[in-house]
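*Asks:* Dropping a structure here in structure tokens format, bear with me for questions.
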Amino acid sequence: MSELHQTPSQTVGPFFGYALPYEGGTALLPPHSPGTIRFHGTVFDGAGEAVPDAVVEIWQADAAGAVVAKRGSLSRDGYTFTGFGRAAVDGWGHFSFTTVKPGAMRAGSAPYILVTIFARGLLQHLFTRAYFGEDDPFLHSLGERAATLFAVEDGDASYRFDIHLQGESETVFIDYGVDVGA
Amino acid sequence: MELSTQKEISAEIAELQATADPSRSHPDRAFSAYRSTALRHPKHTLVRADPEVIELVSPVYGHSDVAPWESDLTIQHAGVPLGERIIVTGRVVDGEGRPVRHQLVEVWQANSGGRYVHKRDQHPAPLDPNFTGAGRIITDEDGGYRFVTIKPGPYPWKNHRNAWRPAHIHFSLFGDQFTQRLVTQMYFPGDPLFPLDPILQSISQQEARDRLVASYDHEVTTEEWATGYRWNIVLTGSKATRMEQEGDA
Chain W
373 MSELHQTPSQ TVGPFFGYAL PYEGGTALLP PHSPGTIRFH GTVFDGAGEA VPDAVVEIWQ
433 ADAAGAVVAK RGSLSRDGYT FTGFGRAAVD GWGHFSFTTV KPGAMRAGSA PYILVTIFAR
493 GLLQHLFTRA YFGEDDPFLH SLGERAATLF AVEDGDASYR FDIHLQGESE TVFIDYGVDV
553 GA
Chain C
2 MELSTQKEIS AEIAELQATA DPSRSHPDRA FSAYRSTALR HPKHTLVRAD PEVIELVSPV
62 YGHSDVAPWE SDLTIQHAGV PLGERIIVTG RVVDGEGRPV RHQLVEVWQA NSGGRYVHKR
122 DQHPAPLDPN FTGAGRIITD EDGGYRFVTI KPGPYPWKNH RNAWRPAHIH FSLFGDQFTQ
182 RLVTQMYFPG DPLFPLDPIL QSISQQEARD RLVASYDHEV TTEEWATGYR WNIVLTGSKA
242 TRMEQEGDA
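In the order they appear, the protein sequences are chains W and C.
Take 373 as the starting number for the first sequence in this note's numbering and just add one per residue.
Take 2 as the starting number for the second sequence in this note's numbering and just add one per residue.
What follows is the structure, encoded as structure tokens:
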């Protein structure tokens, strides 16, 4: 079977602010609902400066580790958890979501949130994972750099996940076998 | 820092393309002729991982997520926007040609004068009170999408001296798997700015760049109403089962 050729990526550019963010995009559940956490962080560039024009998306299982296949990621109804969220960072590179702490999707692996980063100056988005737990074969394979993938508890029901696009503490970014394209 | 000239940028583009990996469809994130990449591309090689179940599915969208008027960017205000009314249509398919059904397509663009509705766009071209430039569509059973808009204008930017972006529409796409996620730009045929633009030229192969250029399609053109463009999108998924034979490339 002949395979079709991948459509190439281009940067999200600087002017997405009136198009990509949407009402309820950062609240996978209403803030302060029972069982919710704050999942937040800052996007940094290679000079350690905050990146003020990035978009961060999260995609995750629910608290029991189940993948939710329900509508309502765009048009939030206030109680259906769909697992998807989108945040444009603020002027200080900061993003913040209200979500639930995901459960592990299978035995022997640590739970995580899939995090996708788009930015001006980034010609193709980057995938990474924010882990809630350290005992995981993928994390073990990373050595010291695994530390860049931990969601760090920084308060009551609050977890911080900073993203370093470059530099000494560059985040581990993931290729799922789609980075090159055919 | 003093800005480079177009001549210097063009020479840098040629040099980068000559040494690029020709098997890549996507741009090299370290493409230095696009200056903003300098501090924003990872220097470590990306780490290969097999997708887990969450990465092999996508958010579920439906027509309840998007209102019908969101696919017509010319009817979002009291008046009619200025410029050349166009229809853009095509199909979203995966690497095997299967339609990507009921998925979200988001588009955004500058107005006909090349100005974005964004406070940081300082290009001294007029804003159009009747044009915002953002739309959303859910693909149909055949992976098809269609929207009506105004042809965007080219605009200047500060990458180098006298730098101009070719006219384009931004697209955000979801596949059936989250690993197929794509944000890209669609261009219009025959734009003289193509060879000068470090963002388009960050894709090293001509054949791959051509995939971002829509075709004029007279079958899409509507009598006495709008000209038509066709642009198809391919979202290839993860190749977990073929990882071993592909090696670490």
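Using N, Cα and C, we set each Cβ at its ideal position, and we do this for glycine too.
For W:Thr-488 versus C:Val-235, is the C-beta distance shorter than 8 Å?
*Replies:* no
*Asks:* Any residues in the segment 428-456 of chain W with a beta carbon nearer than 9 Å to a beta carbon of chain C? Which ones, in chain order?
*Replies:* Glu-429, Trp-431, Gln-432, Ala-433, Val-439, Val-440, Ala-441, Lys-442, Arg-443, Gly-444, Ser-445, Leu-446, Ser-447, Thr-454, Gly-455 and Phe-456
*Asks:* Measure the alpha-carbon distance for C:Ser-37 versus W:Gln-538 and round it to whole angstroms.
*Replies:* 13 Å
*Asks:* For W:Lys-473, count neighbouring C-beta atoms within 10 Å of its own C-beta (all shown protein chains included) and say buried if the count is 16 or more, exposed if not.
*Replies:* buried
*Asks:* Helix, strand or coil: which one does DSSP assign to C:His-161?
*Replies:* coil
*Asks:* State the DSSP-derived secondary structure class of C:Trp-70, mapped to helix, strand or coil.
*Replies:* Of the three classes helix, strand and coil, the one that applies to C:Trp-70 here is helix, per DSSP.
*Asks:* Count the other CB atoms within 10 Å of the CB of C:Trp-226; is the residue buried (16 or more) or exposed (fewer)?
*Replies:* exposed
*Asks:* Per DSSP, C:Thr-223 is paired with what?
*Replies:* C:Ala-227
*Asks:* Does chain W have any CB closer than 8 Å to the CB of C:Arg-41?
*Replies:* yes
*Asks:* Just checking: is the beta-carbon of W:Met-373 within a distance shorter than 8 Å of some beta-carbon in chain C?
*Replies:* Low confidence applies here, because W:Met-373 scores a pLDDT of 46, under 50, leaving its location unreliable and the question unanswered by this model.
*Asks:* Are the beta-carbon atoms of C:Asp-177 and C:Asp-51 separated by less than 8 Å?
*Replies:* Against a cut-off of 8 Å, the Cβ pair of C:Asp-51 and C:Asp-177 comes out as no contact.
*Asks:* In angstroms with no decimal places, state the Cα-to-Cα distance between C:Arg-41 and C:Thr-20.
*Replies:* 21 Å
*Asks:* Let me check understanding here. Comparing Cα to Cα, which of W:Ala-518, W:Leu-495 and W:Leu-498 lies closest to W:Phe-504?
*Replies:* W:Ala-518
*Asks:* Pick out whichever of C:Ser-205, C:Ala-15, C:Asn-131 and C:Ser-72 has its Cα sitting closest to the Cα of C:Pro-23.
*Replies:* C:Ser-205
*Asks:* Can you tell me whether C:Ile-76 is helix, strand or coil according to DSSP?
*Replies:* coil
*Asks:* Restricting to Cα atoms, I'd like to know which of C:Ala-39, C:Gly-115, C:Ser-11 and C:Pro-28 is closest to C:Tyr-156.
*Replies:* C:Gly-115
*Asks:* Given a limit of 8 Å on CB to CB distance, which residues of the segment 474-499 of chain W reach chain C?
*Replies:* The segment 474-499 of chain W vs chain C, Cβ under 8 Å: Met-477, Arg-478, Ser-481, Leu-486, Thr-488, Phe-490, Ala-491, Arg-492, Gly-493, Leu-494, Leu-495, Gln-496, His-497, Leu-498 and Phe-499.
*Asks:* Looking at the structure shown, is W:His-466 part of a helix, part of a strand, or coil, going by DSSP?
*Replies:* Three-state result, W:His-466: strand.
*Asks:* Looking only at C-alpha atoms, which of C:His-27, C:Ser-33 and C:Glu-16 sits nearest to C:Gln-181?
*Replies:* C:His-27
*Asks:* Are the CB atoms of C:Tyr-35 and C:Thr-90 nearer to each other than 8 Å?
*Replies:* It is not a contact, given that the beta carbons lie outside the stated cut-off.
*Asks:* Is there a C-beta anywhere in chain C that falls below 8 Å from the one on W:Val-550?
*Replies:* Taking Cβ atoms only, chain C reaches closer than 8 Å to W:Val-550, which makes this a yes.
*Asks:* Whole angstroms are fine: how far does the CA of C:Glu-71 sit from the CA of W:Thr-520?
*Replies:* C-alpha separation (whole angstroms): 39 Å.
*Asks:* Which whole runs of the alpha helix (DSSP H) in the segment 458-539 of chain W are 4 residues long or more, in chain order?
*Replies:* 509-512
*Asks:* Between C:Arg-49 and W:Val-550, what straight-line distance do the alpha-carbon atoms span, to the nearest angstrom?
*Replies:* 10 Å
*Asks:* Mind checking the segment 378-395 of chain W against chain C and listing, in chain order, the residues whose C-beta falls within less than 8 Å of any C-beta there?
*Replies:* Gln-378, Thr-379, Pro-380, Ser-381, Gln-382, Thr-383, Val-384, Gly-385, Pro-386, Phe-387, Phe-388, Gly-389, Tyr-390, Ala-391 and Leu-392
*Asks:* W:Glu-429 bridges to which residues according to DSSP?
*Replies:* W:Arg-458 and W:Thr-488
*Asks:* Give the residues of chain W in contact with C:Lys-8, contact being defined as C-beta atoms less than 7 Å apart.
*Replies:* What C:Lys-8 touches in chain W: nothing, since even the nearest Cβ is about 23 Å away.
*Asks:* Which residues of the segment 72-100 of chain C have a Cβ closer than 7 Å to any Cβ of chain W? Give them in chain order.
*Replies:* Val-94, Gly-96, Glu-97 and Gly-98
*Asks:* Report yes or no: do the segment 381-398 of chain W and the segment 481-501 of chain W share at least 3 C-beta pairs separated by less than 8 Å?
*Replies:* yes
*Asks:* Is the shortest distance between the beta-carbon of W:Glu-542 and the beta-carbons of chain C less than 8 Å?
*Replies:* At least one chain C Cβ lies under 8 Å of W:Glu-542.
*Asks:* If you measure beta-carbon to beta-carbon, which residues of the segment 179-190 of chain C are closer than 8 Å to chain W?
*Replies:* Phe-179, Thr-180, Gln-181, Arg-182, Leu-183, Val-184, Thr-185 and Gln-186
*Asks:* Go ahead and pull the three-state DSSP assignment for C:Ser-203.
*Replies:* Helix, per DSSP.
*Asks:* Quick check: the segment 399-409 of chain W against the segment 461-476 of chain W, are there 3 or more CB pairs under 8 Å?
*Replies:* yes
*Asks:* Considering only the beta carbon of each residue, do C:Glu-150 and C:Thr-75 sit closer than 8 Å?
*Replies:* According to the sequence displayed, residue 150 of chain C carries Thr and not Glu. The answer is yes: Cβ separation under 8 Å.
*Asks:* By Cβ distance, which residues of its chain are closer than 8 Å to W:Tyr-394, with the 5 residues on each side in sequence left out?
*Replies:* Leu-446 and Arg-458
*Asks:* Can you tell me where the alpha helix (DSSP H) holding C:Glu-9 begins and where it ends?
*Replies:* 7-20
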